[in-house]
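Chemist: Shown below is the structure under consideration.
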Amino acid sequence: MPSLKDFEESVKRPTWCPGCGNYAMWRALKHALERLGLDFHEFVVVWGIGCHGNGADFLRCQGFHALHGRSLPVATGIALTNPELKVIVEAGDGDAYGLGLGHFVHSTRRNVDMTLIAHNNQIYGLTTGQVSPTSDHLMKTVSTPSGVLEWPVNPTGLAIAQEATFVARGFAGDIEQLTDLYVAAIEHPGFAVVDVFQPCVTWNKVNTFKWFRERVYKLEEKEGYDPTDREAAFVESLSTFHDLVCTPDECRVPTGVFLRIEGEETYQEGLEQLDGPMWRKAEAPRDVTAVMDEYLT
Amino acid sequence: MAETSAPYSVEEVRIKIGGQAGFGIKASGQMLARAFVSAGLNTFDLTEYPSLIRGGHNVFGVRVGPEPVPSQVEPVDVLVALNQETIDLHLDELGDGAAVIFDPSEAEGPAGARGVPVPLDEFAETAGAKIMRNTVALGAVLALLDFPMEPLEESVRRQFSHKKPEVADGNVEAARAGYEHVREHSPEPVRRLVPVAGAAPQLLIDGNSAVGLGALAAGIGFYAAYPMTPATSLLHFMAAHERDRGVVVKHAEDELAAMNMVVGASFTGTRAMCGTSGGGFALMTEAFGLAGVAESAVVVMVSQRPGPATGLPTWTEQADLRMVIHAAQGEFPRVILAPGDHTQCFEFAWRAFDLADRLQTPVVLMLDNYLSENRASVPVLDTGAVTVDRGDIVTAGHVGEGYLRYRVTDDGVSTRAVPGVRGALQLTNSYDHDEYGFANEDAAMRDAQEEKRMRKLALARGLVPPPLVEGADDASVGLIVWGSTTMPARQALEWLAMEGVPARMLQVTTLEPFPADAVVRFIEGTPRTMVVEGNMTGQLESLIREHCLLEPDDSLRRYDGRPLAPEGILERAKEVASRA
């Protein structure tokens, strides 16, 4: 099975800004893949467009670098035509929660067996610092110099509300936890969402590593927290921050597994006809005589 | 009386049924068409309906005769008026000796034409329910044609085979009541239509179902779509066969998702397709370009309707050709096929999958409402001719060290090793890329990859269906058409021959890459040529100018939502042929 080093062989060296949260996510994914013991031919990684997506050049695998906002439908097409592949999607906050928000919501209710890892830095990095769907209320950016008037998208809340079966939040400042979350998400049968706070050191001067370190806590350490309780998970998803000036005491940011529901049927399990890779249906012309006969008069 | 004229066959009949939407007019009409085809005759039907579920005026027309009928024609011999509005709207379409069937309790009958009053409601209620009034009318139609009842009874029983036997019995009784009433009270037939004994069995099929059969035969494994008239029935077809034929069918959240899913499915080596109309294709456009740069083998059906925007949703037009040719930013190879009839729908559909696999690039099938939704009788499809040529693909086992997904090759096609194959490490990429697939902005690599991709167009020229020429070798006038306009043009061609005007037709079956040499030969080898197409700006004609640097003599265009009429083509072709 490939080891950590094998995932880095013959690929480019990362070009992210020094200190970028993407480094930790990149490392965590490689650790998770190694721990899962997946061979190269057993998994596919799909990226969207954004700083996170440049990671497509930094990981040796069977990869697909899709369009901005459309990584989930491409991954869905893969997952629904080859049940032998583990499908992992990497997307940015603009990618998954802006342009691709519709696909995100539909993917959660669909429970396709695949994993979404969202790089959530609350800012547009690759296009140089505009507001993102998860930017805080009143945050000033180059495209919102007077402060953003919208409230941020709540990805975990949306996923929990919309029948997701695995919802987690990570923080790029904790690789160990992140690796655990990735492993659990990829092993989860069904659609697994891992939203990761990944500070942008260049464009987001508010939500920094320090800002998060002062506020994060682990849900698993919260007494009596039950990740199979959807309502409790939803309440936790609301305890996020919207306010630029809230103090560490006022806004606490939970991380870890919000929700994990085992035993729900995946979309693939509902497809009787998905009895293996679908390319097998085209090994020879299909006999359509009986179908054609329905049109005989 | 109808204003247009043509050498109409006296052996055939044109029937039109009109009434309010929501009263099963199309279903009744198709029941009648099936009765005719099962009796060895040929049919061509044309439904016109508004974008409503109930209310509004619906029309089903069927042309039937002992010889093949390539398209609809204008005159009506038997008009079934399920309301007064039908008489008012269609009176001027009646041909010589035509009759109008109507219910005297609901309509006044036609002024200046033969009226055949039939108490449709009363007979229907006696037979079981008022909803059977259409069936009463079908019986009346057959009596006016002196046609036997048995084929209709059989067709009625088949139509209602999934319901309680009383439903079929009631409808048969209703049809007989209409039949007997006309025999007794209005016995003079409009025309005698005679069954053809011993005729080979035929299919009665619409264009979308024929495309669906072609895709199934080709081994499709994934179909994704979002409903949009007139492509929707292909989604229904695929969904109906998802389990018995093994296809994953996804009604996606929108067309963007559908097209991206299809690109993902193609990545796993699955034969994958989506279908939509112009508006949906506009939404798919970015992912269509993704398929180009990622070198995905995908098939897209674009069935046109009049635009822009929501346009005329349930009518027809051929105005999306330029959009499809130019869809998506940048330049990449694509193949565009336009079947011209129901048989070609099947053939081009399965060929589209072979082309997509051989070329690893998107292939579009262009239809329109006229061809997608209307049924014609056709000989049994040649399923024995279907091939599955997957091209340069590795789906199992392993590829050697140093596999390069985008290796630069002479013909532009690189080995496609799908995920799951050992050694198939790659990055299929929406960015332009190097041979492995990593994003690459080097000028020389950009040239190498762009030129490699575009070389596939040269390869395509040898693989795509060639243009088709029909008609006289010594033609004085040549029609140039694409897509569904082939059908009325084929009818006009027959009439021109009957009127002593030698004519021929070039059907441009592949619009991209454009078959310039063949079009030049046709234009230079024909004294006069005219382009006939269903749009306002002459999109095919502009392609001829662009690629052939030639000017056809004339053009006939229609863009009012209706298909080209063969009568109009005949008239214009005669005029063009007569020019010195």
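Protein sequences appear in the order of chains X and A.
Numbering of the first sequence is given in the numbering used here, commencing with residue 36 and proceeding in unit increments.
Numbering of the second sequence is given in the numbering used here, commencing with residue 80 and proceeding in unit increments.
For every residue, glycine included, the Cβ atom is placed at its ideal position computed from N, Cα and C.
Using the three-state DSSP reduction, which class does A:H320 fall into: helix, strand or coil?
Modeler: It is coil, neither helix nor strand.
Chemist: Taking CB distances under 9 angstroms as the criterion, tell me whether X:P320 reaches chain A.
Modeler: Cβ-Cβ to chain A under 9 angstroms: yes for X:P320.
Chemist: Using beta carbons (cut-off 9 angstroms, strictly below), is A:M380 in contact with chain X?
Modeler: Taking Cβ atoms only, chain X never reaches closer than 9 angstroms to A:M380, which makes this a no.
Chemist: Can you tell me whether A:G98 is helix, strand or coil according to DSSP?
Modeler: Three-state result, A:G98: strand.
Chemist: Please give the ranges of any beta strand (DSSP E) in the region 149-220 of chain X, keeping only runs that are unbroken, at least 3 residues long and fully inside the region.
Modeler: DSSP runs (the beta strand (DSSP E)) wholly in the region 149-220 of chain X: 149-155, 201-206.
Chemist: Closest by CA to A:E146, which one among A:P154, A:T122, A:V138, A:A331?
Modeler: Among A:P154, A:T122, A:V138, A:A331, the Cα nearest to that of A:E146 belongs to A:T122.
Chemist: So, are the CB atoms of A:L649 and A:L619 less than 9 angstroms apart?
Modeler: Contact flag unset, no.
Chemist: For A:G409, does the count of other Cβ atoms within 10 angstroms reach 16, so buried, or fall short, so exposed?
Modeler: With fewer than 16 other Cβ atoms within 10 Å, it is exposed.
Chemist: Does the distance from the C-beta atom of A:S382 to that of A:S345 stay below 9 angstroms?
Modeler: In this structure, A:S345 does not lie closer than 9 angstroms to A:S382 by Cβ.
Chemist: Determine whether the beta carbon atoms of X:V251 and X:F232 lie at a separation below 9 angstroms.
Modeler: For X:V251 and X:F232, yes; Cβs fall inside 9 angstroms.
Chemist: When burial is assigned at 16 or more other CB atoms within 10 Å of the CB, is A:P385 buried or exposed?
Modeler: It counts as buried.
Chemist: Do you know whose CA, among X:H223, X:L94, X:Y260, X:T162, lies nearest X:D41's CA?
Modeler: Closest option to X:D41, Cα to Cα, is X:L94.
Chemist: Using a Cβ cut-off of 7 angstroms, which residues of the region 96-116 of chain X contact any Cβ in chain A, in chain order?
Modeler: Listed by position, the residues of the region 96-116 of chain X near chain A (Cβ gap below 7 angstroms) are C96, Q97, G98, F99, H100, A101, L102, R105, P108, V109, A110, T111, G112, I113, L115, T116.
Chemist: Mind checking if X:T324 is an interface residue toward chain A, Cβ cutoff 9 angstroms exclusive?
Modeler: Yes, its Cβ sits closer than 9 angstroms to a Cβ of chain A.
Chemist: Cβ of A:Q163 within 9 angstroms of Cβ of X:L331?
Modeler: Not in contact: A:Q163 and X:L331 (Cβ atoms no closer than 9 angstroms).
Chemist: Tell me which residues share the same chain as A:S240 and place their Cβ nearer than 6 angstroms to its Cβ, disregarding the 5 neighbours each side in the sequence.
Modeler: There are no such residues.
Chemist: Inspect the CB distances between the region 455-471 of chain A and the region 80-91 of chain X and report whether three or more fall short of 8 angstroms.
Modeler: At 8 angstroms Cβ cutoff, the stretches do not touch.
Chemist: What are the partner residues of A:Y305, as DSSP defines its beta bridges?
Modeler: Partner(s): none; A:Y305 has no beta bridge.
Chemist: With H, G and I counted as helix, E and B as strand and the rest as coil, what does DSSP make of A:I210?
Modeler: Residue state, collapsed to three classes: helix.
Chemist: Closest Cβ-Cβ distance between A:V394 and chain X: below 9 angstroms?
Modeler: Just to set this straight, residue 394 of chain A is Trp in the shown sequence, not Val. A:W394 does not count as touching chain X.
Chemist: Quick check on this structure: which residue in A:A376, A:T565, A:D461 has the alpha carbon closest to the alpha carbon of A:G293?
Modeler: It is A:D461 whose Cα lies nearest to the Cα of A:G293.
Chemist: Which same chain residues end up closer than 7 angstroms to A:M317 when comparing Cβ atoms and leaving out the 5 residues on each side of it in sequence?
Modeler: Within the same chain, A:M317 has close Cβ partners G291, Y302, V326, V328.
Chemist: Mind pulling the beta strand (DSSP E) runs of 3 or more residues that sit fully within the region 223-264 of chain A?
Modeler: Here no run is fully enclosed.
Chemist: Along the region 95-112 of chain A, what residues have a CB closer than 8 angstroms to any CB found in chain X?
Modeler: Residues passing the 8 angstroms Cβ filter: none.
Chemist: Run down chain X in chain order and give the residues with a C-beta less than 9 angstroms from the C-beta of A:F360.
Modeler: Simply none; closest approach about 16 angstroms.
Chemist: Taking Cβ-Cβ distances shorter than 7 angstroms, what residues in chain A pair up with X:W314?
Modeler: Result: G300, T347, G348, T349, T474, V497.
Chemist: Thinking just about the alpha-carbon of each residue, which of X:C235, X:S274, X:A219, X:N239 is nearest to the one in X:K121?
Modeler: X:K121 has its Cα closest to that of X:A219, out of X:C235, X:S274, X:A219, X:N239.
Chemist: By a C-beta neighbour count over all protein chains shown, 10 Å radius and 16 as the cutoff for buried, is X:S274 buried or exposed?
Modeler: Exposed, since its Cβ has fewer than 16 Cβ neighbours within 10 Å.
Chemist: At the 9 angstroms Cβ level, is X:Q308 part of the contact set with chain A, yes or no?
Modeler: X:Q308 counts as touching chain A.
Chemist: With a threshold of 8 angstroms, are at least 3 pairs of Cβ atoms found where one atom belongs to the region 563-577 of chain A and the other to the region 514-526 of chain A?
Modeler: Cβ pair count under 8 angstroms is below three, so no.
Chemist: Measuring only the C-alpha atoms, how far is A:M80 from A:L224?
Modeler: Because A:M80 carries a pLDDT of 45, less than 50, the predicted location of this residue cannot be relied on, and the following value inherits that uncertainty. Between A:M80 and A:L224, the C-alpha separation is close to 20 angstroms.
Chemist: Does X:E77 have its Cβ less than 9 angstroms from a Cβ in chain A?
Modeler: Chain A, which has a Cβ nearer than 9 angstroms to the Cβ of X:E77, makes this yes.
Chemist: If you reduce the DSSP assignment to three classes, tell me which class A:V220 lands in.
Modeler: If DSSP states are grouped into helix, strand and coil, A:V220 belongs with the helices.
Chemist: Can you check whether the CB of X:G98 is closer than 9 angstroms to the CB of X:V344?
Modeler: For chain X, the structure presents residues 36 to 332; residue 344 of chain X sits outside this window and is missing.
Chemist: Give me the Cα-Cα distance between X:A227 and X:I152, rounded to the nearest whole angstrom.
Modeler: Going from the Cα of X:A227 to the Cα of X:I152 covers about 8 angstroms.
Chemist: Short check: CB of A:F411 to CB of A:G343, under 9 angstroms?
Modeler: No, these two residues do not count as a Cβ contact at 9 angstroms.
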